[in-house]
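The structure appears right after this line, and notes come after that.
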Amino acid sequence: MDIIKIKQDTYESILSGDISRSVIDRLVRGDGTCLSKECELWDYKKTFDDSQDGYLKTLKSIISFHNTFGGYIVFGVEEVEKDTSFILSGVEKNLIDQQKLRGRFDRHFNQRLDLTYEEILISSKGGDILIGLLHIPKRDRRTHSIAAIGDGANSKGKVILEKDAVYIRKIDECKKIVSQSDFEFLVSGRDFNVDEGDGQKIRKNVIEHNLPDKNFICPDFIGRFEIIQELWSWLSDDFQYTKVLAADGGKGKTSIAYEFSQLIIKSGTELFEQVMWLTAKKQQFKASCNQYVGIPETHYKDLDSLLKEVCLRTGYLPEEVEDFTLQQLQRAARDGLNLIRSFVVIDDIDSNSPEEQKRIMEVARSISNTSSRVLMTTRANNIYSNDSSILVPGLGGEEYRELIDSMCDSIGLQKFNEKNVRGLNTASEGSPLFTESILRLCKLGLSVERAIEDWSGKSGDAVREAALRKEVLELSPEATKILLTISYIGSLSRSELHQYTDFENIEISEAIEQLGNLFLISSIEFIEEEPRFESTSSISKLVLSIASDILPNSEEYIIRLREICEGLEASAQVNIPEVGAAVRQCNSLLKEKRFEDSRNTVFSLIKEPRYKENSDLYFILAKTDYEDPDISDDVVRKSFSEAFIKGQRKPVFFEMWYQTESNSGSSSAILDVCENALRSIGKFDTQWGERCAISSYNLALRTDNFDNKIRYLVGSYEHSSRLIKTSKKEKWTKFKDQNIKVVDTIWDESLNNGKYEIAGRAIINAINGGDIRSVNFNRMIEVSIFFIDEKSVSEDAFRELRDNLEWAPKLIRGGAGNREFLALKLDQAYRIMKESTRNKKIQVTV
Numbered sequence: 001m002d003i004i005k006i007k008q009d010t011y012e013s014i015l016s017g018d019i020s021r022s023v024i025d026r027l028v029r030g031d032g033t034c035l036s037k038e039c040e041l042w043d044y045k046k047t048f049d050d051s052q053d054g055y056l057k058t059l060k061s062i063i064s065f066h067n068t069f070g071g072y073i074v075f076g077v078e079e080v081e082k083d084t085s086f087i088l089s090g091v092e093k094n095l096i097d098q099q100k101l102r103g104r105f106d107r108h109f110n111q112r113l114d115l116t117y118e119e120i121l122i123s124s125k126g127g128d129i130l131i132g133l134l135h136i137p138k139r140d141r142r143t144h145s146i147a148a149i150g151d152g153a154n155s156k157g158k159v160i161l162e163k164d165a166v167y168i169r170k171i172d173e174c175k176k177i178v179s180q181s182d183f184e185f186l187v188s189g190r191d192f193n194v195d196e197g198d199g200q201k202i203r204k205n206v207i208e209h210n211l212p213d214k215n216f217i218c219p220d221f222i223g224r225f226e227i228i229q230e231l232w233s234w235l236s237d238d239f240q241y242t243k244v245l246a247a248d249g250g251k252g253k254t255s256i257a258y259e260f261s262q263l264i265i266k267s268g269t270e271l272f273e274q275v276m277w278l279t280a281k282k283q284q285f286k287a288s289c290n291q292y293v294g295i296p297e298t299h300y301k302d303l304d305s306l307l308k309e310v311c312l313r314t315g316y317l318p319e320e321v322e323d324f325t326l327q328q329l330q331r332a333a334r335d336g337l338n339l340i341r342s343f344v345v346i347d348d349i350d351s352n353s354p355e356e357q358k359r360i361m362e363v364a365r366s367i368s369n370t371s372s373r374v375l376m377t378t379r380a381n382n383i384y385s386n387d388s389s390i391l392v393p394g395l396g397g398e399e400y401r402e403l404i405d406s407m408c409d410s411i412g413l414q415k416f417n418e419k420n421v422r423g424l425n426t427a428s429e430g431s432p433l434f435t436e437s438i439l440r441l442c443k444l445g446l447s448v449e450r451a452i453e454d455w456s457g458k459s460g461d462a463v464r465e466a467a468l469r470k471e472v473l474e475l476s477p478e479a480t481k482i483l484l485t486i487s488y489i490g491s492l493s494r495s496e497l498h499q500y501t502d503f504e505n506i507e508i509s510e511a512i513e514q515l516g517n518l519f520l521i522s523s524i525e526f527i528e529e530e531p532r533f534e535s536t537s538s539i540s541k542l543v544l545s546i547a548s549d550i551l552p553n554s555e556e557y558i559i560r561l562r563e564i565c566e567g568l569e570a571s572a573q574v575n576i577p578e579v580g581a582a583v584r585q586c587n588s589l590l591k592e593k594r595f596e597d598s599r600n601t602v603f604s605l606i607k608e609p610r611y612k613e614n615s616d617l618y619f620i621l622a623k624t625d626y627e628d629p630d631i632s633d634d635v636v637r638k639s640f641s642e643a644f645i646k647g648q649r650k651p652v653f654f655e656m657w658y659q660t661e662s663n664s665g666s667s668s669a670i671l672d673v674c675e676n677a678l679r680s681i682g683k684f685d686t687q688w689g690e691r692c693a694i695s696s697y698n699l700a701l702r703t704d705n706f707d708n709k710i711r712y713l714v715g716s717y718e719h720s721s722r723l724i725k726t727s728k729k730e731k732w733t734k735f736k737d738q739n740i741k742v743v744d745t746i747w748d749e750s751l752n753n754g755k756y757e758i759a760g761r762a763i764i765n766a767i768n769g770g771d772i773r774s775v776n777f778n779r780m781i782e783v784s785i786f787f788i789d790e791k792s793v794s795e796d797a798f799r800e801l802r803d804n805l806e807w808a809p810k811l812i813r814g815g816a817g818n819r820e821f822l823a824l825k826l827d828q829a830y831r832i833m834k835e836s837t838r839n840k841k842i843q844v845t846v
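Pasting the structure below:
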């Protein structure tokens with residue numbers, strides 16, 4: 001039996017809703033035995049259990065099939081030997097009450113599913129046998145995944161269906177989604193294709209967004225999967241379009257909203273066209289509106305300005321909304337969100353007055369709809385019910401331990417024992433922000449017990465202030481000004497710090513060194529010649545809150561910073577209303593799939609000299625080609641390349657270009673896009689870094705030229721090595737395995753081409769980078785023979801291998817496991833190199 005063909009034919013039957021005997025015939029042999037395999041498309045059951053426990057198990061199977069590829073449950077098949085032997089056993093007539101089954105599904109998932117059950121009589125050696133066939137349709141791509149609305153526990157209290165959990169079918173099991181790749185699979189077309197090389201590739205939906213820098217919001221997001229899961233489930237709620245994340249300050253509301261927004265963007269779900277991030281925080285990286293994040297398009301200070309931002313981001317022109325009344329703004333925002341499917345995050349509502357908070361939360365409910373949803377963060381939820389809000393608790397248990405370990409690594413503290421971790425958890429109430437502040441007291445020399453004692457009984461704001469004040473009071477006046485400037489403006493280079501403070505280079509350098517030693521600022525990579533410096537959100541917020549205490553005339557200084565910032569922005573801003581109007585018009589036309597009209601809109605402007613080099617126009621032209629299914633990938637690739645040449649550098653542009661090249665471009669073209677994106681972002685981005693690592697490796701495998709192959713492999717290794725330093729858990733393992741593959745490939749290719757120096761250096765670098773597999777030490781021994789030959793290896797390489805062979809046995813003996821025999825072999829290889837004629841000549845020369 002051809003299992004691949006059986007699967008493909010069964011999938012076609014699922015899509016067509018086939019419940020005929022042909023489905024059974026594919027799975028049953030002539031002797032009455034069944035294909036000894038359950039998979040993503042079908043499951044065998046001996047009978048239908050109509051008890052409460054039985055219904056829960058069946059519903060879990062049904063929803064898993066529905067969320068994946070659809071499927072069949074075949075009743076009347078007995079498992080004789082686990083996963084090995086199945087035979088037909090038959091069922092009683094009218095085994096399943098379809099109406100009751102649909103009703104149970106409705107009760108647990110709050111919606112109906114078009115389930116179809118049919119009983120089929122088939123002949124076998126033992127006589128006629130009645131088989132039950134339940135068809136489960138595949139979920140449509142544009143329909144959100146379905147999750148249970150409440151916990152479903154069996155008679156023993158074990159939860160079978162978890163509230164808000166989304167289940168999918170993985171091979172022959174029903175699994176709860178737990179990873180980014182699971183979410184991406186959920187929103188994909190989920191086309192079952194055994195041969196991945198066949199079939200037309202669909203261009204992934206790319207969601208536009210204006211999220212701030214992840215490093216500012218939350219560099220390392222830990223835990224909170226239950227809340228993310230609940231938010232994902234909320235997207236399928238037909239009656240509730242707004243949600244509130246509520247908690248005290250420092251519990252991570254904004255981080256959760258940001259992580260969930262990223263999940264939506266990365267998944268490529270077709271539920272939304274854009275993610276809109278709006279914040280009311282006064283202390284952002286933006287001076288002109290009291291923000292210390294340089295995101296000028298995402299601020300609001302009251303209901304009026306909030307609605308204007310929503311209108312501007314859903315197609316209205318500034319001059320249109322300028323004179324709108326509040327009612328007109330509300331109506332326009334509602335219409336705009338209905339037209340452009342948006343996920344809107346309204347962050348930090350409590351920065352407004354209590355009355356304004358209520359107005360914002362009330363209006364948010366009125367402007368959200370079936371097309372767009374609104375997620376809000378606030379400390380005080382005085383309006384929304386428990387069903388419409390999520391109370392964010394502090395971290396606890398293993399999640400808090402992971403948080404502590406991560407923070408200790410970042411600020412250079414030793415790991416704490418369980419007793420200290422429990423004490424920190426109690427004192428901080430699980431707040432990441434409070435925890436960071438307590439640990440900074442430890443960094444200043446206090447014991448954990450003393451630091452916790454200083455914090456006990458204080459309110460959150462007082463505690464945060466107390467933790468930072470000690471550090472700031474130790475700063476020089478110049479360092480204090482530099483810290484306040486970075487906290488207010490955001491990440492700045494040395495030259496920009498000079499513009500804001502008028503300090504000379506030596507004063508700036510001394511201040512930066514002092515701030516860095518106290519971990520109050522950190523350097524972020526932008527370009528090698530001009531590093532940038534930034535502070536964390538918690539430190540920036542605290543510095544601004546005590547500005548008047550740490551700097552005389554701080555108010556005047558901040559006003560001066562704001563004026564300088566506004567002046568610099570005005571100089572850099574290029575505002576072309578005609579281009580903005582054309583882009584908005586094109587987006588509306590694309591929504592209606594009027595691709596030719598969209599192109600004509602762009603061409604009408606590009607033909608004019610003043611617009612012929614505008615990168616935004618070339619981007620919307622490329623986007624039109626990207627969304628037009630009749631345009632070939634080659635044409636789309638050319639359009640994106642042209643937009644890049646014209647200067648387009650937006651993140652969403654690179655994402656669309658990458659998706660296009662991934663579908664049909666060459667390996668080198670994919671790598672070019674990844675490297676261009678990484679350079680344009682300005683600092684190392686984990687997503688693009690991972691793509692560069694994988695693309696470089698794939699290109700190396702397809703390249704025949706040895707030098708180019710090694711260059712690509714080294715590039716892949718460098719990207720993966722950087723990712724290892726910033727990744728955790730499964731990602732860390734993935735990148736480590738990637739580096740192992742790269743090292744093994746470099747070794748094999750170098751030996752095959754007689755490039756022994758390259759082979760040796762690769763192994764030395766790998767061991768120094770932490771790859772201490774026995775095979776690498778054996779490779780050092782193997783290649784040392786060739787290093788003795790003066791003609792094939794440089795003296796520098798000889799010395800490097802000799803020195804590494806000298807200390808390698810110590811590393812082996814100091815590590816885990818018994819590798820004494822390997823250490824002895826390394827000792828011997830070192831002695832041979834040391835006593836070689838070449839080494840003696842080098843010593844004489846020295």
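In this text, residue positions in the sequence shown follow UniProt numbering: the first is 1, and each later residue adds one.
All C-beta atoms, glycine included, are put in the ideal place defined by N, C-alpha and C.
*asked:* Tell me which residues share the same chain as residue 751 and place their Cβ nearer than 6 Å to its Cβ, disregarding the 5 neighbours each side in the sequence.
replied: The residues 759, in chain order, have a CB closer than 6 Å to that of residue 751 in the same chain once the five nearest residues on each side in sequence are set aside.
*For residue 174, which beta-bridge partners are listed by DSSP?*
In the DSSP secondary-structure assignment, residue 174 is bridged to 169.
*Note down, in chain order, each residue of its chain lying with its Cβ closer than 7 Å to the Cβ of residue 459, except the 5 sequence neighbours on either side.*
Here residue 459 scores only 42 on pLDDT, less than 50, and its place in the model should not be relied on; the value that follows carries that caveat. So no residue of the chain qualifies.
*Can you tell which of 97, 29 and 95 has the C-alpha that lies nearest to the C-alpha of residue 125?*
Of 97, 29 and 95, the smallest CA-CA separation from residue 125 is found for 29.
*Could you round the C-beta distance between residue 547 and residue 540 to whole angstroms and report it? I think they count as a contact, below 8 Å.*
Not quite, the Cβ-Cβ distance comes to about 11 Å (not below 8 Å), so this is no contact.
*Comparing alpha-carbon positions, which option in 814, 823, 550 and 319 lies nearest residue 805?*
Ranked by Cα distance from residue 805, the first of 814, 823, 550 and 319 is 823.
*How far does the beta strand (DSSP E) with residue 793 in it reach, from first residue to last?*
Going by DSSP, residue 793 is part of no beta strand (DSSP E) at all; its letter is neither H nor E.
*asked:* Classify residue 366: buried if its beta carbon has 16 or more other beta carbons within 10 angstroms, exposed otherwise.
replied: Counting of Cβ neighbours within 10 angstroms places residue 366 among the exposed residues, the total staying below 16.
_Going by beta-carbon coordinates alone, are residue 621 and residue 667 separated by less than 8 Å?_
Taking 8 Å as the Cβ cut-off, residue 621 and residue 667 do not qualify as a contacting pair.
*Please classify residue 398: is it buried, with 16 or more other beta-carbons within 10 angstroms of its beta-carbon, or exposed?*
So residue 398 ends up on the exposed side.
*If we count the other Cβ atoms within 10 Å of its Cβ and call it buried at 16 or more, is residue 158 buried or exposed?*
Looking at its Cβ environment, which holds fewer than 16 other Cβ atoms inside 10 Å, residue 158 is exposed.
*Could you give the DSSP three-state label for residue 826: helix, strand or coil?*
Residue 826 sits in a helix when the DSSP states are folded into three classes.
*Residue environment, residue 816, which counts as buried when at least 16 other CB atoms sit within 10 Å*: Residue 816 should be labelled exposed.
*Taking all protein chains shown into account, decide if residue 764 is buried (16 or more other Cβ within 10 angstroms of its Cβ) or exposed.*
Under this definition residue 764 is a buried residue.
*For residue 403, which residues from the same chain have a beta carbon less than 7 Å from its beta carbon, with the 5 sequence-adjacent residues on both sides left out?*
Cβ contact annotation for residue 403 (same chain, cutoff 7 Å, sequence separation greater than five): 222, 395, 432 and 435, in chain order.
*Which of the three DSSP states, helix, strand or coil, is assigned to residue 43?*
In the structure shown, residue 43 falls within a strand segment according to DSSP collapsed to helix, strand and coil.
*Would you list, in sequence order, the uninterrupted beta strand (DSSP E) runs of no fewer than 3 residues that lie entirely inside the region 208-247?*
Within the region 208-247, the complete beta strand (DSSP E) runs of at least 3 residues are 242-246.
_Please report the straight-line C-alpha distance between residue 119 and residue 132, rounded to a whole angstrom._
Distance between the alpha carbons of residue 119 and residue 132 is about 4 Å.
*Simplified DSSP assignment, three categories, for residue 552*: Residue state, collapsed to three classes: coil.
*Skipping 5 residues on each side, what residues in its chain have a beta carbon closer than 7 Å to that of residue 364?*
Taking residue 364 as the centre and dropping the five residues before and after it, the same chain places the C-beta of 242, 346, 374 and 376 closer than 7 Å to its C-beta, in chain order.
*Proximal residues to residue 662 (C-beta, below 7 Å), its chain only, five neighbours per side dropped*: Its chain contains 670 as the residues whose beta carbon lies nearer than 7 Å to that of residue 662, once the 5 sequence neighbours on both sides are disregarded; these appear in chain order.
_If you reduce the DSSP assignment to three classes, tell me which class residue 294 lands in._
Here residue 294 scores only 44 on pLDDT, less than 50, and its place in the model should not be relied on; the value that follows carries that caveat. Residue state, collapsed to three classes: coil.
*Could you tell me whether the Cβ atoms of residue 834 and residue 799 are closer together than 8 Å?*
For residue 834 and residue 799, no; Cβs fall outside 8 Å.
_8 Å Cβ cutoff met for residue 264 and residue 207_ = The Cβ atoms of residue 264 and residue 207 lie closer than 8 Å to each other.
*Please list, in chain order, all residues of the same chain as residue 827 whose beta carbon is under 6 Å from its beta carbon, the five residues on each side excluded.*
Cβ within range, chain order: 809.
*Give every residue of the same chain whose Cβ lies closer than 8 Å to the Cβ of residue 91, excluding the five residues on either side of it in the sequence, and list them in chain order.*
Apart from sequence neighbours up to five positions away, the residues of its chain that approach residue 91 with a beta-carbon distance below 8 Å are 47, 48, 75, 76, 119, 130, 131 and 132, ordered along the chain.
*In angstroms, rounded to a whole number, what distance separates the CA positions of residue 844 and residue 796?*
Taking the straight line from one Cα to the other gives about 15 Å.
*What is the DSSP secondary structure of residue 393, counted as helix, strand or coil?*
Coil at residue 393, not helix or strand.
*What first and last residue would you give for the beta strand (DSSP E) that runs through residue 373?*
Secondary structure note for residue 373: its beta strand (DSSP E) is the uninterrupted segment 373-378.
*Let me know if residue 499 comes out buried or exposed under the rule of 16 or more other beta-carbons within 10 Å of its beta-carbon.*
It counts as exposed.
*Can you tell me where the alpha helix (DSSP H) with residue 132 in it begins and where it stops?*
Not the alpha helix (DSSP H): residue 132 falls in the beta strand (DSSP E), residues 127-136.
*Since residue 203 and residue 660 are thought to touch, with beta carbons under 8 Å apart, how far apart are those beta carbons, to the nearest angstrom?*
Indeed, because the Cβ distance is near 7 Å, the residues count as touching under 8 Å.
*Beta-carbon proximity check, residue 78 vs residue 64, cutoff 8 Å*: Cβ atoms of residue 78 and residue 64: not closer than 8 Å.
*Give every residue of the same chain whose Cβ lies closer than 7 Å to the Cβ of residue 177, excluding the five residues on either side of it in the sequence, and list them in chain order.*
166, 168, 183 and 186, listed in sequence order.
_Once DSSP output is grouped into helix, strand and coil, what is the label at residue 287?_
Reliability of the predicted coordinates at residue 287 is poor, the pLDDT of 25 falling under 50, and the value obtained from them is presented with this limitation in mind. Of the three classes helix, strand and coil, the one that applies to residue 287 here is coil, per DSSP.
*Out of 807, 819 and 733, which has the shortest C-alpha to C-alpha gap to residue 773?*
Restricting attention to 807, 819 and 733, the CA atom closest to the CA of residue 773 is found in 819.
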